[in-house]
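S.K.:
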Amino acid sequence: MEPEVQTTKSVRNLAIPISIVIAGAIIGGALIIGLRSSGTSPVAATDPGSQQPTQTADITKVKIAGEPFIGKQDAPVTIAYWFDYQCPFCQRNEEQTMPQIVKDYVNTGKVKVVFKDFQFLGPDSQTLGKYSHAVWETASDKFYQWHKAVYDNQGTENTGWATPEKIRSITQGVLGAADTDKVIALVKSKGDAYQKIMDADKAEGGAMGINGTPGTIIGKQLVEGAQPYSVFKQVIDLTLAGK
Amino acid sequence: MIVKALQTVFKDWRYILLSLIASALAFAFATWFPNFKLLFSILTDSLVPLADKLMLPIHLLGSISTNFSALSASYTLIIVILLGINVSLIVYLMRLQKQQLPKAGTAVGGIGVMSGIFGIGCAACGSLILMSIFGTAVGASMISFLPLKGGEFGILGVLLLAAATWSLAKRIGKPLVCET
């Protein structure tokens, strides 16, 4: 009788550690599945701008030429940043994280940030994406100021908030009246060409595993979502150290 | 009855520890989820200093304040807490009923957790689970039809986990009698 009681007791004492191990295994399994899915996530055929990830994140393979950027042209580290003008998390990224990256890394010549389109949330995103390219073409030195001004004035998603009047007002506030007219004229004459660039940017991001916005590639690392500055700082520092 | 059952279970510090561990794991899962690949890459890179390997997972926990909306952060925290409580209640019942898994409560809790996982980060401009499963275009379309942009999954998760907690607590509080 005694040994039986002891066996039952020891089994009961093991219940909690066993449960912890099982919970760990479940989380671990989910982690592995998550890893696999993030590397091979399917993209719907209905979306002409997206494609199945075909390559790993690598900044050396990202098309940089002709894209809007801030920082020194030959900065040791390049960040490719996919964004949508309607995404509230991109807005948060612009308000909380980007100013610190600009202050600590862009202004000190260590980092160049390249702006890549992932305008997928709706027509307002597409409209603003086209304007952003026109602004870059008209006054590249004021691009980032304009980009920030758009996020400062971001409206509710897909309500048609990006009206011509609102965009004119934002653009005029940053570029002045004369350049604003140039920007509007460029969007009219080169809208289709800008759309092609935007579609190519989005497809390129999708191929490297970007599923949504904000999405960032630093070196060979893909940082998804609006992460705290400390995450970006760590990845940037590691990339700088590897140079 | 629920309070009494919770008191019965959590008077043993080991159940408090179990709940804390389960909740911590679930919280880490929720905040690390978008960046498992980044974590894996840094943790397995032999050139990355140990301090960086230790700090990145900690830094990513901060995404609860940057990568979650107020709604999704709220239901994620509630799901994490309820999940921890549920794990302890299930283990307590298993020990009470000689290792037999309490089916009803566990099933409801499991569905609740799954639903909560679908809700994680749905508000983060579609960067997470639905996008991974259905792709960007379909995932974004699905979310746009939902009034809370995917937050529905999280709220459903909270409700199901609350129901599971109630069901398990009810069984714990129930006297051990032979039923006809």
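Residue numbers (our numbering), protein chains in the order written: chain A, -7 to 235; chain B, 8 to 187. A virtual CB, placed ideally from N, CA and C, is assigned to each residue, including glycine. On a predicted model such as this, the values are computed, not experimentally measured, just so you know.
(1) Cβ closer than 8 Å: which chain A residues qualify as neighbours of G69/B?
(2) Which bits of chain A does M62/B rub up against, with CB to CB less than 9 Å?
(3) Alpha carbon to alpha carbon, how far is V127/A from T100/A?
(4) Have a look at T38/B, E159/B, L25/B, G158/B and flag the residue whose alpha-carbon is nearest the alpha-carbon of L90/B.
(5) Suppose you measure from the CA of D96/A to the CA of V103/A; what does that come to, to the nearest Å?
(6) Please confirm whether K194/A and L167/A have their CB atoms less than 8 Å apart.
(7) Can you pull the chain B neighbours of V215/A, defined as C-beta to C-beta under 7 Å?
(8) Distance cutoff 8 Å, beta carbons only. Does Q83/A sit that close to anything in chain B?
(9) Assuming P100/B contacts L155/B under a Cβ cut-off of 8 Å, what Cβ separation, rounded to an integer in Å, is found between them?
(10) Taking T208/A as part of the beta strand (DSSP E), name the residues at either end of that continuous run.
(11) For A58/B, name the three-state secondary structure that DSSP assigns.
(12) Could you check whether the Cβ of S174/B sits closer than 8 Å to any Cβ belonging to chain A?
(13) Between C129/B and chain A, is there a C-beta pair that is closer than 8 Å?
(14) With a 10 Å radius around its C-beta and 16 neighbouring C-beta atoms as the bar for buried, classify A154/A as buried or exposed.
(15) Of all the CB atoms in chain A, is at least one closer than 8 Å to the CB of S134/B?
(16) Given that Q92/A touches chain B, what residues does it touch there, using C-beta distances under 8 Å?
(17) Return no unless some Cβ of chain B is closer than 8 Å to the Cβ of L232/A.
(18) For N74/B, return the contacting residues in chain A, with the cut-off set at a CB-CB distance below 7 Å.
(19) According to DSSP, is K239/A helix, strand or coil?
(20) Just tell me which of Q137/A, T231/A, I209/A has its CA closest to the CA of Q47/A.
(21) Determine contact between the region 16 to 25 of chain B and the region 47 to 60 of chain B, defined as no fewer than three beta-carbon pairs at a distance below 8 Å.
(22) When the cut-off is 8 Å and only beta carbons count, does Q88/A lie next to chain B?
(23) Is any beta-carbon of chain B found at less than 8 Å from that of G26/A?
(24) Going along the chain, which residues of its own chain have a beta-carbon closer than 7 Å to the beta-carbon of E86/A, five neighbours each way excluded?
(25) Comparing the C-beta of L167/B with each C-beta of chain A, is any distance below 8 Å?
(26) So T172/B and I92/B are in contact, right, with Cβ under 8 Å, and what is the actual spacing, rounded?
(27) Quick check: what's the CA-CA separation for D171/A versus S161/A?
(28) Which residues share a DSSP beta bridge with L214/A?
(29) DSSP three-state label for W74/A, please.
(30) For D109/A, report the span of its beta strand (DSSP E) as first-last.
(31) Should P206/A and A218/A be called a contact, given that it needs their Cβ atoms to be closer than 8 Å?
(32) Look up V69/A in the DSSP assignment and say whether it is helix, strand or coil.
(33) Does the distance from the C-beta atom of P220/A to that of S70/B stay below 8 Å?
(34) Determine the DSSP secondary structure at F75/B, reduced to helix, strand or coil.
(35) W74/A to E216/A, Cα distance in whole Å?
(36) My guess is that Q78/A and Q146/A are in contact by the Cβ rule of under 8 Å, so how many angstroms apart are they, rounded?
M.R.: The short version:
(1) Within the second sequence, residue 69/B is the residue found at index 62, counting from 1. Within chain A, the residues near G69/B are Q219, P220, S222, V223.
(2) For the purposes of this step, residue 62/B is taken as the residue at position 55 of the second sequence. Simply S222, Q226.
(3) Position 135 of the first sequence, counted from the start, is the residue given in the question as residue 127/A. Position 108 of the first sequence, counted from the start, is the residue given in the question as residue 100/A. Rounded to the nearest angstrom, the gap between the Cα atoms of V127/A and T100/A is 25 Å.
(4) Taking the first residue of the second sequence as position 1, residue 90/B is located at position 83. Comparing Cα positions, the closest option is L25/B.
(5) In the first sequence, residue 96/A corresponds to position 104, counting from 1. In the first sequence, residue 103/A corresponds to position 111, counting from 1. Distance from the CA of D96/A to the CA of V103/A, rounded to the nearest whole angstrom, comes to 9 Å.
(6) Locating residue 194/A in the first sequence gives position 202, where the first residue counts as 1. Locating residue 167/A in the first sequence gives position 175, where the first residue counts as 1. Result no, Cβ atoms of K194/A and L167/A do not sit closer than 8 Å.
(7) By one-based count along the first sequence, residue 215/A stands at place 223. Residues of chain B passing the Cβ test: N42, L45.
(8) Start at 1 with the first residue of the first sequence, and residue 83/A comes out as number 91. By the rule that beta-carbons nearer than 8 Å mark a contact, Q83/A does not touch chain B.
(9) As a first step, residue 100/B must be located in the second sequence, where it is residue number 93. As a first step, residue 155/B must be located in the second sequence, where it is residue number 148. The question names Pro, but residue 100/B in the sequence shown is Leu. In fact, because the Cβ distance is near 33 Å, the residues do not count as touching under 8 Å.
(10) In the first sequence, the residue the question calls residue 208/A occupies position 216. In this chain, the beta strand (DSSP E) harbouring T208/A covers 207 to 210.
(11) Position 51 of the second sequence, counted from the start, is the residue given in the question as residue 58/B. Three-state result, A58/B: helix.
(12) In the second sequence, the residue the question calls residue 174/B occupies position 167. Cβ-Cβ to chain A under 8 Å: no for S174/B.
(13) Here the question's residue 129/B lines up with position 122 in the second sequence. Unreliable positioning characterises C129/B in this predicted model, as indicated by a pLDDT of 46, which lies under 50. The coordinate reading is nonetheless provided below. Output row for C129/B: interface = no.
(14) Counting from one through the first sequence, the residue named residue 154/A turns up at place 162. By the 16-neighbour rule on beta-carbons within 10 angstroms, A154/A is buried.
(15) As a working mapping, residue 134/B is identified with position 127 in the second sequence. The predicted model places S134/B with a pLDDT of 42, which falls under 50 and marks its position as unreliable; any figure quoted below should be read in that light. It does: the Cβ of S134/B has a partner Cβ on chain A nearer than 8 Å.
(16) Counting from 1 along the first sequence, the entry for residue 92/A is found at position 100. Within chain B, no residue has its beta carbon less than 8 Å from that of Q92/A; the closest one is some 12 Å off.
(17) Position 240 of the first sequence, counted from the first residue, corresponds to residue 232/A. In terms of beta-carbon proximity, L232/A stays away from the interface with chain B, with every pair separated by 8 Å or more.
(18) Mapped onto the second sequence, residue 74/B falls at position 67. Neighbours of N74/B on chain A, chain order: F81, G217, A218, Q219.
(19) Outside the shown range of chain A, which is -7 to 235, sits residue 239/A, and nothing can be said about it.
(20) Looking up residue 47/A in the first sequence gives position 55. Cα-wise, what sits closest to Q47/A is I209/A.
(21) Counting C-beta pairs with one atom in each stretch, the region 16 to 25 of chain B and the region 47 to 60 of chain B have fewer than three that are closer than 8 Å, which means they do not touch.
(22) Taking the first residue of the first sequence as 1, we reach residue 88/A at position 96. Chain B contact via Cβ: present.
(23) For the purposes of this step, residue 26/A is identified with residue 34 of the first sequence, where counting begins at 1. At G26/A the pLDDT is 40, less than 50, meaning the model places this residue with poor confidence and gives no usable figure here.
(24) The residue labelled residue 86/A in the question sits at position 94 within the first sequence. Hits under 7 Å: K140, Y143.
(25) One-based indexing of the second sequence puts residue 167/B at position 160. Not one chain A Cβ lies under 8 Å of L167/B.
(26) Translated into the one-based positions of the second sequence, residue 172/B becomes position 165. Translated into the one-based positions of the second sequence, residue 92/B becomes position 85. About 6 Å separates the Cβ atoms of T172/B and I92/B, confirming a contact at the 8 Å cut-off.
(27) Stepping through the first sequence from its first residue, residue 171/A is reached at position 179. Stepping through the first sequence from its first residue, residue 161/A is reached at position 169. Straight-line Cα distance between these residues: approximately 12 Å.
(28) As a working note, residue 214/A is residue 222 in the first sequence. According to DSSP, L214/A shares a beta bridge with I209/A.
(29) The residue given as residue 74/A occupies position 82 in the first sequence. Three-state result, W74/A: strand.
(30) The residue you call residue 109/A lines up with position 117 of the first sequence. Annotation for D109/A: the continuous beta strand (DSSP E) segment containing it runs 103 to 109.
(31) Walking along the first sequence from the start, residue 206/A turns up at place 214. Walking along the first sequence from the start, residue 218/A turns up at place 226. By the CB criterion at 8 Å, P206/A and A218/A fall inside the cutoff.
(32) Position 77 of the first sequence, counted from the start, is the residue given in the question as residue 69/A. Here V69/A sits in strand by DSSP.
(33) Indexing the first sequence from 1 puts residue 220/A at position 228. Indexing the second sequence from 1 puts residue 70/B at position 63. Yes, the pair counts as a contact, with Cβ atoms nearer than the cut-off.
(34) Along the second sequence, one-based indexing puts residue 75/B at 68. Note: F75/B maps to coil in three-state DSSP.
(35) Position 82 of the first sequence, counting from 1, holds the residue named residue 74/A. Position 224 of the first sequence, counting from 1, holds the residue named residue 216/A. Cα-Cα distance, rounded: 10 Å.
(36) Locating residue 78/A in the first sequence gives position 86, where the first residue counts as 1. Locating residue 146/A in the first sequence gives position 154, where the first residue counts as 1. Contact flag correct, Cβ pair sits at about 7 Å.
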